[in-house]
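**Student:** Once you've had a glance at the structure underneath, I'll fire off some questions.
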Amino acid sequence: MDSEVYAERIADELSALTPVLTLCRRHGVRLPLIVEASPDAPTEALLSALESLCPGGGLLLTHQDDLASATPAFSPEQFRQFLGREFERVVLDLRRGVHADALAASQGWVRGGGIWCLIVPGLERWSVSDDQDLTRLLAWPSRLDEARGLFLQRLKESILTSSFPILQVGDESLCWRRTPRFEGASTPPLEGETQADAIEAIARLMRQRSRRPLIIRADRGRGKSAAMGIGAARILAGRPEARIIVTAPSRQAVTTLMDHFSQQTGSDAPSPGLIFLPPDELMRSWPDADLLLIDEAAALPAPMVLKLVRHYRRVAMATTTCGYEGSGQGFRLRVEPALRKMCPSLNHVELKRPMRWAPGDPLECWLNRLFLQDQLLRPVEVSGDTLLEFRALPATELDADGTLLSQCFTLLREAHYRTTPDDIKILLDASTTRLFGAFNGDTLIGLVWFALEGAFGDADLIDAIVAGKRRPRGHVLPQLLAQISVRKDVLTKLWARVIRIAVHPTCQNMGIGSLLLHKFVQHVRADYPALVGIGAVFAGDPVVLRFWQRQQFRAVYLGTRADAWTACHAVGVLRSFQPVSGLHDAYRLLSNLVRTYGATALSDAPAELLDEILLSLTGPPSPWPEDPPALVSAYASGARPLDLARPDLLDWLMLWVKTGRYSAMDPELRRWTLALALQQHDWTRICRDFDHAHPRSAEQAYRQALRQTLKPPHASDT
57 MDSEVYAERI
67 ADELSALTPV
77 LTLCRRHGVR
87 LPLIVEASPD
97 APTEALLSAL
107 ESLCPGGGLL
117 LTHQDDLASA
127 TPAFSPEQFR
137 QFLGREFERV
147 VLDLRRGVHA
157 DALAASQGWV
167 RGGGIWCLIV
177 PGLERWSVSD
187 DQDLTRLLAW
197 PSRLDEARGL
207 FLQRLKESIL
217 TSSFPILQVG
227 DESLCWRRTP
237 RFEGASTPPL
247 EGETQADAIE
257 AIARLMRQRS
267 RRPLIIRADR
277 GRGKSAAMGI
287 GAARILAGRP
297 EARIIVTAPS
307 RQAVTTLMDH
317 FSQQTGSDAP
327 SPGLIFLPPD
337 ELMRSWPDAD
347 LLLIDEAAAL
357 PAPMVLKLVR
367 HYRRVAMATT
377 TCGYEGSGQG
387 FRLRVEPALR
397 KMCPSLNHVE
407 LKRPMRWAPG
417 DPLECWLNRL
427 FLQDQLLRPV
437 EVSGDTLLEF
447 RALPATELDA
457 DGTLLSQCFT
467 LLREAHYRTT
477 PDDIKILLDA
487 STTRLFGAFN
497 GDTLIGLVWF
507 ALEGAFGDAD
517 LIDAIVAGKR
527 RPRGHVLPQL
537 LAQISVRKDV
547 LTKLWARVIR
557 IAVHPTCQNM
567 GIGSLLLHKF
577 VQHVRADYPA
587 LVGIGAVFAG
597 DPVVLRFWQR
607 QQFRAVYLGT
617 RADAWTACHA
627 VGVLRSFQPV
637 SGLHDAYRLL
647 SNLVRTYGAT
657 ALSDAPAELL
667 DEILLSLTGP
677 PSPWPEDPPA
687 LVSAYASGAR
697 PLDLARPDLL
707 DWLMLWVKTG
717 RYSAMDPELR
727 RWTLALALQQ
737 HDWTRICRDF
747 DHAHPRSAEQ
757 AYRQALRQTL
767 KPPHASDT
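Heads up, the sequence shown is in the numbering used here, so the first residue is 57 and it goes up one at a time.
Below is the structure:
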């Protein structure tokens, strides 16, 4: 068929959407559209017809890089740059893969009355072999024919059971599989704070003298950014001399904020009282400001947010509750507790009523069901004598039991900071990952998500990994051990790596996590006889590391670079079940690494974390020198300055580790010595980190503690 004729036919068919789109605009809901099309179908004609039907700003996410489209096209991996943006129409081309994070985030970009369109292969023919995006999530060798395909099945069923119009676009034919009809919004009663409350809370910041940051939390489309723009305009209307700084991951992310500011002021001209600065530039120059507004705060690294709040007295932050920023629930689980510790009088406003579309919008409801964002953890009561059940959870059971899948994902989302919609896809499709759960009756209260790794058989690949020339996707634990020890045999062994471990929030600090891990170890040892060990790699937190070490896991790795988002150094722990060559080297290298990088790459690591690492490295008891080190004694008595004594203090500290007595030293003295001798912090920082009033009195207290400890341990300890 002639391309021009085909384009006219597509436009004619899509004209059936016109009356439906009119009703959508009147009622403030989005129009979802599903298009079944082969890879060779004339996509350009479809995009052109959609633009004519719904003019204005549009966006296309596609894995195809050869489309001649007037609509700006981007790869799904670039989705984060559109957070906070608004479009009249958004098109996602899923024919070469489904990027779950991008799919979940996309509904927040479409205004009420706009079009949200999915282009998919024929639904009956759509198989996991079409989902090339899945290779991004699967461990090597990333074979799609071994993937379960359960997420794609879930997506197809969700489409078929929806009421969304479906247009079939063939090479020569066009027809409606499901004809367009208007689906109004369900409007459940929505309680809670309004956008007006958020605007007033922002204005109230200007009247505060104490440091009380404001967090505006909401799902997408609730008017967080708009409230910031309106609030800024009202502040400047009353105080024209005020200076307000706006920051966000990108300038595009504050488009909505700036648009509402301009609407309030009645001018598109830049205002001298409101300026945008990227976070890195803001932290380089630290300009004065009466108020700092942080939009899309959850997309910024946690330490960056904390530094901004520490520097500026008045700060308002907007963050999305559903975790589409790509950091999962990280802001709520990691940043907010740190903010509360810094500023106990933290202010919150939570917006529930959408502003960009009507409450109960069909598209939002559908995607929330697909990605289980509408599920909440049920309260659980567990006592010390509650009988718990521990068992493996096959993926087929998750697929067959929607309630169980919902419990698993909701628990991961609420209890772990890195959970995103992509994780549903991995849970359902990755054949090398497994689940093990703890149940109180029918309620899941604890979960271990783990992967089987290693067992490489390709000699050339093994050589390339050890040589640092190849890094196959996944297999984190054996590759890390090979990198540390430069030994091949760790790659041929079978390992289990814990990806996440989560416990229901109401059941934490009751020993359930420890019991769950104990039962999990028993389970994998029984089910996988070839397994040589279990490990985990996680953001280094001293409390978390202590939890693992209590379960007989030892630290084998400490990253020398802090993670950009968490500002934590990665820590690897391991529990081996049989002798493995190279593990002794790993422990020795870790000890050397801590000593080598303590004053440089590890200078900002928490002393508590380094303390836990050294506890893990403590050797078996051995004879203790009869006399205390003379140079350390000289410092303790005040005869030597700290700068000359630092190397001797470090040697003395490591002697406690080497002779197996490190745990017997006073914990506070250990951490002070680590900070002073290993990390080489000055007394000003010591006072700040350890909550001491004055450098001189801090050094006097430290010397006194040293004098008490320099006496040799009791002879019975040898």
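Think of the CB as a built atom: it goes at the ideal place given N, C-alpha and C, for glycine as much as any other residue.
What does DSSP give as the partner residues of Met-373 in its beta bridges?
**Tutor:** Paired residue(s): Ile-271 and Ile-350.
**Student:** Mark Asp-519 as exposed unless 16 or more other C-beta atoms lie within 10 angstroms of its C-beta, in which case mark it buried.
**Tutor:** Asp-519 is exposed by the Cβ-count criterion.
**Student:** Using the beta-carbon count (16 or more within 10 Å), is Val-542 buried or exposed?
**Tutor:** Per the 10 Å Cβ criterion, exposed.
**Student:** Please report the residue range of the beta strand (DSSP E) in which Cys-231 lies.
**Tutor:** Its beta strand (DSSP E) spans residues 230 to 234.
**Student:** If I measure Cβ to Cβ from Glu-69 and keep anything under 6 angstroms in the same chain, skipping five residues before and after, which residues do I get?
**Tutor:** Result list for Glu-69: Leu-230, in chain order.
**Student:** Is the stretch 137 to 152 touching the stretch 213 to 224, taking contact as three or more C-beta pairs under 8 angstroms?
**Tutor:** No contact exists between the stretch 137 to 152 and the stretch 213 to 224.
**Student:** Which same chain residues end up closer than 7 angstroms to Ala-733 when comparing Cβ atoms and leaving out the 5 residues on each side of it in sequence?
**Tutor:** Arg-702, Leu-705, Leu-706 and Leu-709, listed in sequence order.
**Student:** Rounded to the nearest angstrom, what separates Leu-443 and Ile-568 at their Cα positions?
**Tutor:** Whole-angstrom Cα-Cα distance: 11 angstroms.
**Student:** Output the boundary residues of the alpha helix (DSSP H) element that contains Thr-489.
**Tutor:** Looking at the DSSP string, Thr-489 is not in any alpha helix (DSSP H); the run it does join, the beta strand (DSSP E), is 489 to 496.
**Student:** Which residue marks the beginning of the beta strand (DSSP E) containing Glu-239, and which one marks its end?
**Tutor:** From DSSP, Glu-239 is part of no beta strand (DSSP E); its letter is neither H nor E.
**Student:** For Asp-773 and Ala-731, what's the separation of their Cα atoms in angstroms?
**Tutor:** Reliability of the predicted coordinates at Asp-773 is poor, the pLDDT of 44 falling under 50, and the value obtained from them is presented with this limitation in mind. About 27 angstroms.
**Student:** Start and end of the alpha helix (DSSP H) containing Gln-764?
**Tutor:** Looking at the DSSP string, the run of the alpha helix (DSSP H) that includes Gln-764 is 751 to 765.
**Student:** Phe-207 and Ile-480 - do their beta-carbons sit closer together than 8 angstroms?
**Tutor:** Contact: yes.
**Student:** Write down every uninterrupted run of the beta strand (DSSP E) in the stretch 291 to 332 whose length is 3 residues or greater and which is fully enclosed by it, in chain order.
**Tutor:** Runs of the beta strand (DSSP E) inside the stretch 291 to 332: 300 to 303 and 330 to 332.
**Student:** Quick one: which unbroken alpha helix (DSSP H) runs of 4-plus residues sit fully inside the stretch 78 to 161? Chain order, please.
**Tutor:** Those alpha helix (DSSP H) runs which fall completely within the stretch 78 to 161 and span 4+ residues are 99 to 109.
**Student:** Who are the near neighbours of Val-271 in its chain, counting only those whose CB is closer than 6 angstroms to its CB and skipping five residues on each side?
**Tutor:** Note on residue identity: the sequence assigns Ile, not Val, to residue 271. Excluding positions up to five away in sequence, the list reads Met-373 and His-404.
**Student:** May I ask which residues mark the beginning and end of the alpha helix (DSSP H) holding His-404?
**Tutor:** Premise fails: His-404 lies in the beta strand (DSSP E), 403 to 407, not in any alpha helix (DSSP H).
**Student:** For Tyr-691, report the span of its alpha helix (DSSP H) as first-last.
**Tutor:** From DSSP, the alpha helix (DSSP H) with Tyr-691 extends over 686 to 692.
**Student:** Could you spell out where the beta strand (DSSP E) holding Trp-172 opens and where it closes?
**Tutor:** Residues 166 to 176.
**Student:** Exposed or buried, which one is Lys-525 when buried takes at least 16 other CB atoms within 10 Å?
**Tutor:** Looking at its Cβ environment, which holds fewer than 16 other Cβ atoms inside 10 Å, Lys-525 is exposed.
**Student:** Note the first and the last residue of the continuous beta strand (DSSP E) segment covering Asp-223.
**Tutor:** The amino acid occupying residue 223 in the given sequence is Leu; Asp does not appear at that position. Residues 222 to 225.
**Student:** On the three-state DSSP scale, how would you describe Ser-719?
**Tutor:** Helix, per DSSP.
**Student:** By the DSSP assignment, the alpha helix (DSSP H) with Val-636 in it spans what residues?
**Tutor:** Looking at the DSSP string, Val-636 is not in any alpha helix (DSSP H), and its letter there is neither H nor E.
**Student:** Quick check: what's the CA-CA separation for Phe-492 versus Phe-576?
**Tutor:** Each residue's alpha carbon lies about 7 angstroms from the other.
**Student:** Please state whether the Cβ-Cβ distance between Leu-348 and Leu-362 is less than 8 angstroms.
**Tutor:** No. Outside cutoff.
**Student:** Using a Cβ-Cβ cutoff of less than 7 angstroms, which residues in the same chain neighbour Ala-623 once the five nearest sequence positions on both sides are dropped?
**Tutor:** Around Ala-623: Pro-357, Ala-358 and Pro-359.
**Student:** Under the three-state reduction of DSSP, which class applies to Gly-287: helix, strand or coil?
**Tutor:** Helix at Gly-287.
**Student:** How is Tyr-380 classed by DSSP in three states: helix, strand or coil?
**Tutor:** With a pLDDT of only 44 at Tyr-380, under 50, the local geometry of the prediction cannot be trusted, and the value read off the model is given with reservation. Three-state result, Tyr-380: coil.
**Student:** Which residue comes first and which comes last in the alpha helix (DSSP H) that contains Trp-712?
**Tutor:** Counting along the chain, the alpha helix (DSSP H) containing Trp-712 begins and ends at 698 to 714.
**Student:** How many angstroms separate the CA atom of Arg-696 from the CA atom of Val-688?
**Tutor:** C-alpha separation (whole angstroms): 9 angstroms.
**Student:** Considering only the beta carbon of each residue, do His-472 and Ala-558 sit closer than 8 angstroms?
**Tutor:** Closer than 8 angstroms, so yes.
**Student:** Throw me the rounded Cβ distance for the Ala-611 and Leu-646 pair, which I believe falls under 8 angstroms.
**Tutor:** Confirmed, Cβ separation roughly 6 angstroms.
**Student:** On the three-state DSSP scale, how would you describe Phe-427?
**Tutor:** Three-state result, Phe-427: coil.
**Student:** State the Cα-Cα distance for the pair Ser-487 and Leu-468, rounded to the nearest angstrom.
**Tutor:** The straight-line gap from Cα to Cα measures roughly 19 angstroms.
**Student:** In the DSSP assignment, find the beta strand (DSSP E) that holds Leu-73 and state where it starts and stops.
**Tutor:** Premise fails: Leu-73 is in no beta strand (DSSP E) and is neither H nor E.
**Student:** Would you mind sorting Gly-164 into buried or exposed? The rule is 16 or more other CB atoms within 10 Å of its CB.
**Tutor:** With 16 or more other Cβ atoms within 10 Å, it is buried.
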